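Please read the structure below before turning to the comments.
Residue numbers (the UniProt record's numbering): 1 to 259.
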């Protein structure tokens, strides 16, 4: 089985907030001397957003899509006490412990929807977002970057939205994902059947289980459920396994939306 593991870094320096993100991510430097886009557990959707980023990012990686390296990022208890901005100071205080970060792509520019993309690549990205139920890859907010003349996938935090209500996940796993109609690459996704066949050839229960096992226990102790971390992981696994087995539901929806 392929290595799915993430490195762990310690955040050493808060550089600046990236205020275009709803959860107020930041540019930060870690103890490996690399810069990262840091996603905070103390942000708006808390650890559930981090879980979405982690699961969506690793699935994208398995599908062979370009995505900045994901790392676990430790935030020390004393970090940010000298921050002058009270909003940011509170965010850092409530984010003590393990967070998630993506390698910063210096010089990358936001994807312009008028730029042509390889049809199979476009189809794979549309497939990914329909699979993980990502509602946030639209013309308004593409969450795609151009870097070194290649298309990179970022920001999967608006995925797996079933976990915000934590109800009817079996039904939602079978949903066709109507939001695909708003996807920025849908018009260029002319090879969805081929993307589906590819995804089903590289994703399987073993890989999905391995990805789910990456979620730290610390991110799975929720106030709104009595379920254990193991039980919550099982829900995520079952959701993805069911969705993969029934991918025809969302592939057909995407094809109909294109039509």
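We treat Cβ as the ideally placed atom computed from N, Cα and C, and that holds for glycine. These figures come from a predicted structure and were not determined experimentally.
Can you tell me whether residue i is helix, strand or coil according to DSSP?
i           : result
residue 45  : coil
residue 219 : helix
residue 283 : As displayed, the chain neither begins before 1 nor continues past 259, which places residue 283 out of reach and without an answer.
residue 139 : coil
residue 109 : strand
residue 173 : helix
residue 28  : strand
residue 37  : strand
residue 18  : coil
residue 244 : helix
residue 128 : helix
residue 214 : coil
residue 168 : coil
residue 158 : coil
Please confirm whether residue i and residue j have their CB atoms less than 7 Å apart.
i           : j           : result
residue 211 : residue 4   : yes
residue 63  : residue 123 : no
residue 246 : residue 174 : yes
residue 92  : residue 147 : no
residue 260 : residue 47  : This structure cannot settle anything about residue 260, because the visible part of the chain is limited to 1 through 259.
residue 182 : residue 251 : no
residue 239 : residue 169 : yes
residue 42  : residue 95  : yes
residue 128 : residue 60  : yes
residue 119 : residue 190 : yes
residue 177 : residue 208 : no
residue 117 : residue 188 : yes
Within its chain, find whatever has a CB closer than 7 Å to the CB of residue i; leave out the 5 residues flanking it on each side and keep chain order.
i           : result
residue 186 : 126, 180, 254, 257 and 258
residue 111 : 142, 144, 145, 146 and 151
residue 68  : 102, 103, 105, 152 and 154
residue 17  : 24, 26 and 88
Note down, in chain order, each residue of its chain lying with its Cβ closer than 6 Å to the Cβ of residue i, except the 5 sequence neighbours on either side.
i           : result
residue 135 : 158 and 179
residue 71  : 6, 7, 9 and 101
residue 32  : 9
residue 65  : 153
Tell me, please, which residues DSSP counts as bridged to residue i.
i           : result
residue 290 : Residue 290 lies beyond the stretch modelled for the chain, which goes from 1 to 259, so this question has no answer here.
residue 195 : Bridge partners of residue 195: none, in fact.
residue 97  : 75
residue 13  : 29
residue 66  : 152
residue 121 : Its beta-bridge partners do not exist; DSSP assigns none.
residue 208 : In the DSSP output, where bridge partners are listed per residue, residue 208 has none listed.
residue 144 : 153
residue 102 : 37 and 70
residue 183 : 138
Does any residue of chain B bring its CB to less than 7 Å from the CB of residue i?
i           : result
residue 236 : As a matter of chain content, chain B is missing from the structure shown, which is built from one protein chain.
In chain order, what residues of the same chain have a beta carbon less than 8 Å from the beta carbon of residue i, not counting five sequence neighbours either side?
i           : result
residue 15  : 26, 27, 28, 29 and 35
residue 138 : 182, 183 and 184
residue 74  : 8, 9, 10, 11, 97, 98 and 99
Our contact map puts residue i next to residue j with C-beta atoms below 8 Å; I'd like the distance itself, whole angstroms only.
i           : j           : result
residue 58  : residue 214 : 7 Å
residue 160 : residue 55  : 7 Å
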